[in-house]
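Counted the way our numbering counts, the first sequence spans residues 4 to 480. Let me begin by presenting the structure, written as structure tokens, before commenting on it.
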Amino acid sequence: MLEGLNKISDIEWEVRKGYVDDMAVPGRIFLSEGLGENLEDGAVKQLANVATLPGIVKYSLGMPDIHWGYGFPIGGVGAFDVENGIISPGGVGFDINCGVRLITTPLKKDEFSGIKRLINTLFSTVPTGVGNVAPKKFSDSELEDIMREGASWAVKEGYGMPDDVKSCEESGMMKEASTEHVSTKARQRGRPQCGTLGSGNHFLEVQYAAEIMDDEAAKAFGIEKDQICFMIHCGSRGLGHQVCTDHLGTIENATKKYGIKIPDRQLACAPVKSPEGEAYFGAMAASANYAWANRQMITHMVREVIERDFGVDYNEMKLVYDVTHNVAKIETHVVDGKKMELCVHRKGATRAFGPGSPEIPKDLSAIGQPVIIPGSMGTSSYLLKGTQTAMEKTFGSTCHGAGRLASRSSAKKSHSGADIRQDLLDRGIFVRATSNKVIAEEAPEVYKPSSEVVDIVHRAGLSMKVARLEPIGVIKG
DNA sequence: ATGTGC
4 MLEGLNKISD IEWEVRKGYV DDMAVPGRIF LSEGLGENLE DGAVKQLANV ATLPGIVKYS
64 LGMPDIHWGY GFPIGGVGAF DVENGIISPG GVGFDINCGV RLITTPLKKD EFSGIKRLIN
124 TLFSTVPTGV GNVAPKKFSD SELEDIMREG ASWAVKEGYG MPDDVKSCEE SGMMKEASTE
184 HVSTKARQRG RPQCGTLGSG NHFLEVQYAA EIMDDEAAKA FGIEKDQICF MIHCGSRGLG
244 HQVCTDHLGT IENATKKYGI KIPDRQLACA PVKSPEGEAY FGAMAASANY AWANRQMITH
304 MVREVIERDF GVDYNEMKLV YDVTHNVAKI ETHVVDGKKM ELCVHRKGAT RAFGPGSPEI
364 PKDLSAIGQP VIIPGSMGTS SYLLKGTQTA MEKTFGSTCH GAGRLASRSS AKKSHSGADI
424 RQDLLDRGIF VRATSNKVIA EEAPEVYKPS SEVVDIVHRA GLSMKVARLE PIGVIKG
């Protein structure tokens with residue numbers, strides 16, 4: 004509910020200092036009155052709690068897809084001064100570098116047929132679902148390289164082409180990775196899973212570009228109307244999950260050790276510049292690199308299938324961009340006219356750097372970075388561009404997706420997976436999933452409409468629409 | 001999200 008929040012504009016709301024005790028800064032949420040009806044009190048409280056943590060700068064921020072999460076809300080951004088601020092695993096989440104990438108093909112919708120066959124082939128090619136393993140179990144030394152080098156490791160091993168790397172945020176590799184802080188247990192979980200899709204909201208979709216809203220940006224990003232594309236949404240699997248679990252323990256101890264007062268145990272944190280904070284950051288970066296290698300390997304599998312079955316040249320399937328939804332990064336931002344080094348936590352939020360940012364590909368410098376916002380199963384996904392407004396208002400951030408409305412358990416009670424699969428088929432969307440249970444949990448109705456969420460970030464100027472993508476085939480874990 | 005709930 005929006006009650007108790009101060010209205011700044013039709014799409015921006017303030018969570019005043021004092022909403023919970025000890026807030027150092029206010030909160031800001033980008034949200035319409037309509038979507039505000041589903042705003043959870045718990046999520047607002049979590050956003051306010053983040054504002055109590057040491058070193059927070061400017062605002063604790065909520066995107067229109069905000070919902071309740073572990074400690075920090077999902078759809079939240081918190082930036083902390085590197086000198087006196089904190090880093091928190093709860094500000095990143097369990098699925099470190101959960102992210103999404105978009106790849107185009109030269110195929111056009113009108114000339115394309117055989118979606119069922121393609122999805123069935125991909126479903127048997129890309130390992131999918133909880134506990135599934137990749138065709139290859141990597142050695143300890145290979146895993147070490149994966150965690151250090153990320154997407155570039157995969158390309159070097161033949162799972163892609165050199166241009167792929169520069170089309171990833173961070174070039175698909177956080178150089179701060181320190182693998183010595185990744186436990187044996189995390190490595191054991193990670194070794195058989197690189198090149199697997201995972202479960203839940205993770206997916207592999209075949210889509211087409213249904214609408215182009217910004218011709219200039221679409222041209223720069225390399226996407227045309229009616230083009231067949233594929234989108235991959237997944238993360239760091241069991242490795243990132245284990246890294247989060249392991250470091251929550253050490254960070255909880257550090258919270259006590261450094262005398263940091265937190266309003267919720269799930270906000271455990273340590274100074275950015277502390278051994279415990281640096282250890283978590285290094286292990287998180289290693290997990291992020293693993294996730295980039297993972298998405299790169301899946302990209303390769305899909306390209307090989309399309310090359311073989313549709314006669315498309317592998318090199319004609321270009322990576323538009325790869326963004327991360329769950330990460331903490333050290334970035335320089337201008338705050339009240341002066342440059343500051345910040346530890347920016349984006350949890351269920353996407354970087355949306357604007358024109359001229361040195362971090363984005365040079366050939367896109369005049370446009371802004373590509374921003375990819377996936378919809379829920381069977382609904383529109385969007386390609387947008389980053390903006391200067393985002394740099395000024397949200398530390399260069401925007402939303403990450405539709406945002407869940409109902410819990411997995413309630414979704415299972417109210418929806419039949421088989422019925423949803425048939426409904427989608429009637430609408431021309433062919434779904435393969437590891438179980439009907441997953442389809443019920445991921446029913447489009449239990450998510451906010453992606454179009455409404457994207458409308459708000461567009462109206463707020465946090466990222467501007469470039470293209471709308473519609474699914475024709477979906478693989479769900 | 002996750003070898004799905006301590």
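Beta carbons: idealized from backbone N, C-alpha and C, even for Gly.
Open item on the list: Taking the alpha helix (DSSP H) that lysine 259 belongs to, which residues open and close that run?
Closed with: 240-260
Which full runs of the beta strand (DSSP E) of 3+ residues lie inside the segment 374-414, going along the chain?
384-389
Find the nearest neighbour of glutamate 17 within the set Glu43, Leu64, Ala46, Leu242, judged by alpha-carbon distance.
Check the Cα spacing between glutamate 17 and each of Glu43, Leu64, Ala46, Leu242: the tightest is with Leu64.
Check your understanding: Going by the beta-carbon positions, is the gap between serine 91 and tyrosine 324 smaller than 8 Å?
Key -> no
Q: Have a look at Asp143, Gly21, Gly241, Gly371 and flag the residue whose alpha-carbon is nearest the alpha-carbon of glutamine 391.
A: Gly371
Spatial neighbours of threonine 490 in its chain, beta-carbon cut-off 6 Å, leaving aside the 5 residues before and after: In the structure as shown, the chain starts at 4 and stops at 480, and residue 490 therefore has no counterpart that could be examined.
Flag this pair as yes or no: are the beta carbons of glycine 198 and methionine 300 separated by less than 8 Å? yes
For threonine 353: DSSP bridge partner residues: Thr401
message = Can you tell me whether valine 136 is buried or exposed? The criterion is at least 16 other CB atoms within 10 Å of its CB, across all chains shown.
response = exposed
- Query: Which same chain residues, not among the five before or five after arginine 151, have their C-beta less than 6 Å away from its C-beta?
  - Reply: Ala180
*Please state if the CB of valine 28 and the CB of cysteine 346 are separated by a distance shorter than 8 Å.*
Contact flag unset, no.
Worksheet item: For the putative contact between tyrosine 211 and cysteine 232, defined by C-beta atoms under 8 Å, what is the C-beta separation to the nearest angstrom?
Response: 7 Å
Glutamine 425 classed as buried or exposed, judged by whether at least 16 other C-beta atoms fall within 10 angstroms: exposed
Subject >> Beta-carbon contacts of valine 449 that lie in its chain and below 6 Å, excluding the five residues immediately before and after >> reply: Setting aside the 5 residues that flank it on each side, valine 449 is surrounded in the same chain by Leu408, Ala409, Ala414, each with a C-beta closer than 6 Å to its C-beta; the list follows chain order.
> Among Glu445, Ile226, Ile99, which has the Cα closest to the Cα of leucine 105?
Replying inline: Ile226
CA nearest to the CA of proline 474, picked from Phe433, Lys451, Glu445: Looking at the Cα atoms, Phe433 is the closest of the given residues.
Please state if the CB of threonine 401 and the CB of valine 441 are separated by a distance shorter than 8 Å. When the beta-carbon positions are compared, valine 441 and threonine 401 stay at least 8 Å from each other.
query: Would you call asparagine 297 buried or exposed, if buried means 16 or more other Cβ atoms sit within 10 Å of its Cβ?
result: buried
For asparagine 329, does the three-state DSSP call read helix, strand or coil? For asparagine 329, the secondary structure class from DSSP, reduced to helix, strand or coil, is strand.
What do you reckon, are the CB atoms on methionine 380 and glycine 357 nearer than 8 Å? no
Check: Taking all protein chains shown into account, do 16 or more other C-beta atoms lie within 10 angstroms of the C-beta of threonine 182, making it buried, or fewer, making it exposed?
Finding: buried
Query raised in the report: With respect to the beta strand (DSSP E) encompassing methionine 467, which residues constitute its N-terminal and C-terminal limits?
Result: 466-479
- Item | Selection from Glu40, Arg349, Pro76 that minimises the alpha carbon distance to alanine 51 | Pro76
Exercise. Are at least three pairs of beta-carbons, each pair with one atom in the segment 30-43 and one in the segment 5-12, less than 8 Å apart?
Worked result: Three or more pairs of CB atoms, one per stretch, sit closer than 8 Å, so the segment 30-43 contacts the segment 5-12.
- Please state whether DSSP places asparagine 292 in a helix, a strand or coil. For asparagine 292, the secondary structure class from DSSP, reduced to helix, strand or coil, is helix.
Whole angstroms is fine: what's the gap from lysine 222's alpha carbon to glutamate 40's? 38 Å
**Message:** Looking at the secondary structure, which residues open and close the beta strand (DSSP E) in which glutamate 172 lies?
**Reply:** Element bounds for glutamate 172: n/a, residue is neither H nor E.
Check: Can you tell me whether DSSP reads tyrosine 211 as helix, strand or coil?
Finding: strand
- Note down the Cα distance separating valine 456 from glycine 404, rounded to an integer number of angstroms. Taking the straight line joining both Cα atoms gives about 8 Å.
(message) According to DSSP, is valine 457 part of a helix, a strand, or is it coil?
(response) helix
Start and end of the alpha helix (DSSP H) containing histidine 155? The sequence given here has serine at residue 155, not histidine. 154-159 is the span of the alpha helix (DSSP H), which, as asked, contains serine 155.
Mind checking who arginine 104 pairs with in its DSSP beta bridge? Bridge partners of arginine 104: Ile235, Asp325.
Lysine 20 to aspartate 44, Cα distance in whole Å? Roughly 16 Å separates the two Cα atoms.
Item checked: In DSSP terms, what serine 12 is bridged to -> Glu15
By the three-class DSSP mapping on this structure, what secondary structure does serine 63 have?
strand
Bounding residues of the alpha helix (DSSP H) (the contiguous stretch that carries isoleucine 77) | Element bounds for isoleucine 77: not the alpha helix (DSSP H) but the beta strand (DSSP E), 77-84.
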